[in-house]
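Notes to accompany the following structure.
Number of protein chains: 2
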Amino acid sequence: MHQRLPAEVLELVAERFRVLAEPARLRILDVLLGGERTVSDLVEDTGLNQANVSKHLAILRASNFVDRRKEGLYAYYSVSDPSVDQLCSIMCSRLEEQAEEQSALLSTGS
Amino acid sequence: MHQRLPAEVLELVAERFRVLAEPARLRILDVLLGGERTVSDLVEDTGLNQANVSKHLAILRASNFVDRRKEGLYAYYSVSDPSVDQLCSIMCSRLEEQAEEQSALLSTGS
DNA sequence: TCAGTATATGAACAGACAGTAATATAGCAT
DNA sequence: ATGCTATATTACTGTCTGTTCATATACTGA
Numbered sequence: 043m044h045q046r047l048p049a050e051v052l053e054l055v056a057e058r059f060r061v062l063a064e065p066a067r068l069r070i071l072d073v074l075l076g077g078e079r080t081v082s083d084l085v086e087d088t089g090l091n092q093a094n095v096s097k098h099l100a101i102l103r104a105s106n107f108v109d110r111r112k113e114g115l116y117a118y119y120s121v122s123d124p125s126v127d128q129l130c131s132i133m134c135s136r137l138e139e140q141a142e143e144q145s146a147l148l149s150t151g152s
Numbered sequence: 043m044h045q046r047l048p049a050e051v052l053e054l055v056a057e058r059f060r061v062l063a064e065p066a067r068l069r070i071l072d073v074l075l076g077g078e079r080t081v082s083d084l085v086e087d088t089g090l091n092q093a094n095v096s097k098h099l100a101i102l103r104a105s106n107f108v109d110r111r112k113e114g115l116y117a118y119y120s121v122s123d124p125s126v127d128q129l130c131s132i133m134c135s136r137l138e139e140q141a142e143e144q145s146a147l148l149s150t151g152s
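What follows is the structure, encoded as structure tokens:
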């Protein structure tokens, strides 16, 4: 039995999905899942420029996906939302399933 | 230990998140989680107009989130991706957690 | 065949947003 | 204080996409 969700809740959910709907932000999160990093680290690891990384981090932080710890000149970011890993895993599993279905379809002929 | 994902995979993942990053499509999926519906049903249930619903359904179908079954004049759509429910649940749980943290913070004073 | 209905699609418009360059802010070192 | 470094922010631009209206397609019934 499915419980219908109110439109306002779906708006909030959509908003959170939208934050994850960006390759650059996923790259950043992917690196951060390996542990705390500074902005400069992320610039190096992702190949994005500094302004861009800072903006994406601001968005991720506003949605509470990441935390920031300031220390001197540096800002250390880390993943604060444990569901990030889970959400990406689910998406990846599904992508693999689809790839398998696709190749199975092709090998048996349409 | 976190396994870094290749950029191309993250692009595909982002693409799937983007499909879910739309209140209108979440409304449609929310209705479809209650069972198979025609386009007209969805128009009525969501309040979106017919062209709009058809377009969102085309997007959902292209990403394999929903299936279509044609019968005469009617097109019956249903959720084909079991992870949709799971993904939304995770997002909702997280929203609730955040709401609790927020209110806890407010009640104890900053 | 013709009318009517359900769904899909095309064109046009408006709003949102990622990328970039330039600049601002803030801490550190000499 | 001055210069240097790390990060944040602002303004701008181009692109993408959701919405709507109009129209096309496809099936049904008379």
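Those protein sequence lines, which keep their order, are chains A and B.
Take the position in the first sequence, starting the count at 1, then add 42; the result is the number in this note's numbering.
Take the position in the second sequence, starting the count at 1, then add 42; the result is the number in this note's numbering.
By construction, the Cβ of each residue, glycine as well, lies at the ideal position given by its N, Cα and C atoms.
| Item | Value |
| --- | --- |
| Any idea which residues DSSP pairs Glu113 of chain A with across the strands? | A:Tyr116 |
| Looking at the unbroken alpha helix (DSSP H) that takes in Thr88 of chain A, where does it start and where does it end? | Val81 to Thr88 |
| Applying the 10 Å Cβ sphere with the 16-neighbour rule, what's the burial state of Ala93 of chain A? | exposed |
| Taking only beta-carbon positions, decide if Asn91 of chain A is within less than 8 Å of chain B. | no |
| Residues of chain A with CB closer than 7 Å to the CB of Glu86 of chain B, please, in chain order. | Under the 7 Å cutoff, chain A gives no residues; its nearest Cβ is about 14 Å from Glu86 of chain B. |
| Let me check one thing: in DSSP terms, what residues is Val121 of chain B bridge-paired to? | B:Val108 |
| Just the Cα atoms here: how many angstroms apart are Ser149 of chain A and Arg103 of chain A? | 45 Å |
| Pair every Cβ in the region 75-93 of chain B with every Cβ in the region 46-61 of chain B, then say whether three or more of these pairs are closer than 8 Å. | no |
| Say whether chain A places a C-beta atom closer than 8 Å to the C-beta of Leu129 of chain B. | yes |
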